[in-house]
Each structure stands twice: as structure tokens, then as C-alpha cells.
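The numbering used here numbers the first residue of the sequence shown as 2 and each following residue consecutively.
The structure appears right after this line, and notes come after that.
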Amino acid sequence: MSTRKHTALPKAQTLIEALPWLTRHHGRTVVIKFGGNAMVDEDLKAAFAQDVVFLRHAGLKPVVVHGGGPQISAQLDRHGLVSEFKAGLRVTTPEAMDVVRMVLAGQVQRELVGLLNQHGPFAVGLTGEDAHTISATRHRPTIDGELVDIGRVGEITAIDTGAIRALLDDGRIPVVSSVARSADDGHVYNVNADTAAAALAAALGAETLMVLTDVEGLYEDWPDSDEVISRLTAGELEKLLPELSSGMAPKMQGCLHAVRNGVNTARVIDGRVQHSILLEIFTDEGIGTMVVPDGTEGGPA
2 MSTRKHTALP KAQTLIEALP WLTRHHGRTV VIKFGGNAMV DEDLKAAFAQ
52 DVVFLRHAGL KPVVVHGGGP QISAQLDRHG LVSEFKAGLR VTTPEAMDVV
102 RMVLAGQVQR ELVGLLNQHG PFAVGLTGED AHTISATRHR PTIDGELVDI
152 GRVGEITAID TGAIRALLDD GRIPVVSSVA RSADDGHVYN VNADTAAAAL
202 AAALGAETLM VLTDVEGLYE DWPDSDEVIS RLTAGELEKL LPELSSGMAP
252 KMQGCLHAVR NGVNTARVID GRVQHSILLE IFTDEGIGTM VVPDGTEGGP
302 A
């Protein structure tokens with residue numbers, strides 16, 4: 002009996018540690034950007050699905066937003082279409098856009114919905130096109146002072162949260178693919194998933210935005226140090242943005258947009274760690290980089 006007590010006690014302590022966080026987050030919306038290694042590794046995918054369903058059972062309202070860079074590149078290769086990048090964005094021809102849409106809505110989203118629905122009738126897939134959830138216009142980045150045409154890459158112009166809120170009110174888990182239709186020309190556009198997740202988090206008034214990455218968080222002085230910044234304010238992040246790598250920039254810009262537009266915290270977390278979402282939301286330590294609005298008390302998270 003004493004052995005049983007001894008082995009069960011740490012489990013009880015872990016659950017009790019989660020209590021203040023459960024209380025704080027109950028009924029709140031959490032937007033999670035799914036990507037990176039967590040999206041291609043089978044064990045990480047399964048753990049991600051468990052985490053999201055756990056949040057739903059714990060009384061939170063998770064919304065999942067995903068892209069699908071590696072899957073899109075693989076499918077473009079199969080179709081003999083070249084993947085070209087300018088200003089860190091995929092040049093998307095009309096032919097490539099057909100592939101992007103097919104991969105995101107027909108492959109990545111379906112798999113994710115299937116993984117979540119192994120645990121119950123929760124997940125419903127939609128794209129930014131559905132119910133005008135995300136509207137966009139053609140994005141033309143500036144390279145060396147010149148506006149460049151990169152095809153069907155979209156810049157978000159509007160978010161309509163009606164369909165997502167209806168699903169959340171019904172106890173469902175929306176899984177959103179980051180493509181959008183343009184009100185200007187009627188074309189469908191590929192939208193950066195980090196940007197889409199941040200825009201949705203702001204529009205939904207989410208408690209938190211979580212972005213899964215393939216690094217531990219935002220590094221203090223990369224590449225000279227691998228010390229992770231555990232917490233910083235929007236203003237501190239803004240100063241760092243020009244120095245960030247092309248992969249990290251849209252993630253951190255998304256975090257900045259979110260906390261400047263009503264989201265309480267935005268976090269970049271390591272998607273290579275199993276159950277990183279639960280560790281970040283329900284434990285005292287946290288495991289990534291948390292961005293908070295200006296004027297929020299400093300110190301550790």
C-alpha cells in the first residue's frame with residue numbers, strides 16, 4: 002500500500018500544480034499555430050492531438066491554425082513545379098496555388114482532424130475561405146527598395162470569426178488552413194500561417210497565442226549564445242525584430258501583433274518536445290518565450 006501511495010503522489014502534485022492555471026484559463030480561447038517538426042513526426046503529432054483535446058476537456062477553447070511548408074514542397078516536386086522563395090516567402094504561381102490549397106485543405110488538415118477525432122467528435126476543418134473567415138489581398142514585398150510580385154501570396158485584410166465562434170460554442174475544435182480569398186479579385190491566396198494565427202487570436206480576443214517551432218524559444222544572443230529569453234514585453238520584442246532570422250521573424254511579428262491587439266500572452270514554444278503545450282500552459286516553469294503587453298509586470302513568467 003505504501004508503495005502505491007508513494008508512486009501516485011507525484012501525479013497528484015502535478016495535477017494540483019495545474020489548478021491555478023486551469024482556473025485562470027477556464028472558458029478562454031487559445032489559438033495554437035501547428036507547424037515545424039511537430040507536423041511531420043508521428044509521435045509528436047499524436048502528442049499534439051492529445052494536448053489539444055486535453056485543453057478542450059479542461060474547459061479551454063482551442064483553435065488550431067496550420068500551414069504545411071514541407072508537405073507543399075514535396076507535392077510541388079511531384080508535380081514538377083519549382084519551389085522559389087523571395088523575401089522569405091514562397092513564390093506562388095496559380096498552378097502552385099492549386100497544389101497549396103490541395104495539400105493544406107485536403108491532406109494536412111484532414112490528417113490533423115483525424116488525429117483529434119480519435120478522441121471524440123471534436124475537430125472540424127475549415128479554410129480561411131470558409132464563411133469569409135480570412136480575407137486577403139495580394140502581398141507585394143519590398144526587396145532592395147523595389148516592390149516584387151510573388152504571385153498568389155496574400156496579406157490579410159479582414160477576419161470574420163463567426164464560423165469559428167459558432168464551432169467553439171458547440172464544443173468543437175476548429176482546425177483552420179491558412180488560405181484566404183480576396184475580395185478584390187476573387188482569387189485564392191496562400192497566407193503565412195504564423196500571421197494567420199496571430200490575426201485570428203486578436204480577432205477572437207484569445208487569452209493566448211501559442212506558436213510551435215523547431216527551436217527552444219527566442220535566443221538571447223544567437224548564434225553566440227543558446228540562452229533562451231523566457232519573457233519579454235512587446236516593446237522589447239519590437240527592438241529585436243530587425244535582427245531576427247527569416248524563419249523566426251514572422252513568428253515573433255505575429256506574437257507582437259497579438260499582444261498589441263488584446264491577446265494577453267503570446268508564446269513561442271518548442272514543438273519538438275512532447276506535450277510542450279501542456280507544459281507551457283499548466284506548469285509553473287513554462288518552456289518557451291512568452292511575450293506580454295507593454296506595462297505588464299516584469300520578472301519571470
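For each residue, glycine too, the CB sits at the ideal point set by N, CA and C.
Just so we're clear, the structure is a prediction, and the values are computed from it rather than from any experiment.
| Where residue 125 sits in the DSSP three-state scheme | strand
| First through last residue of the alpha helix (DSSP H) which encompasses residue 230 | Taken as a continuous stretch (DSSP letters only), residue 230 belongs to no alpha helix (DSSP H), as it is neither H nor E.
| said: Could you compute how far the alpha carbon of residue 213 sits from the alpha carbon of residue 8? | reply: 32 Å
| said: Along the chain, where does the alpha helix (DSSP H) containing residue 167 start, and where does it finish? | reply: 163 to 170
| With 16 other CB atoms within 10 Å as the buried threshold, where does residue 62 fall? | buried
| query | Is the distance from the Cβ of residue 32 to the Cβ of residue 210 below 8 Å? | reply | yes
| Mapping DSSP to helix, strand and coil, what is residue 286? | coil
| task | Ignore the nearest five residues each way along the sequence and tell me which others in residue 95's own chain have a CB closer than 7 Å to its CB. | result | 153
| query | Residues in its own chain within less than 7 Å of residue 299 by CB, not counting five upstream and five downstream? | reply | Here the model assigns residue 299 a pLDDT of 47, short of 50, so the residue's position is not dependable, and the following value carries that caveat. Nothing listed; no residue qualifies.
| field | Inter-residue spacing [alpha-carbon to alpha-carbon] between residue 146 and residue 281 | value | 40 Å
| message | Give me the DSSP bridge partner(s) of residue 159. | response | 136
| Based on the DSSP output, what are the partners of residue 178 in its beta bridges? | 67, 128
| query | Who are the Cβ neighbours of residue 18 in its own chain at under 7 Å, not counting the five residues just before and after it? | reply | 284, 285
| said: Please classify residue 37 as buried or exposed, where buried requires at least 16 other C-beta atoms within 10 Å of its C-beta. | reply: buried
| request: With a threshold of 16 other CB atoms inside 10 Å of the CB of residue 123, please say whether the residue is buried or exposed. | output: buried
| task | Determine the closest residue to residue 257 out of 294, 229, 287, with distance taken between C-alpha atoms. | result | 294
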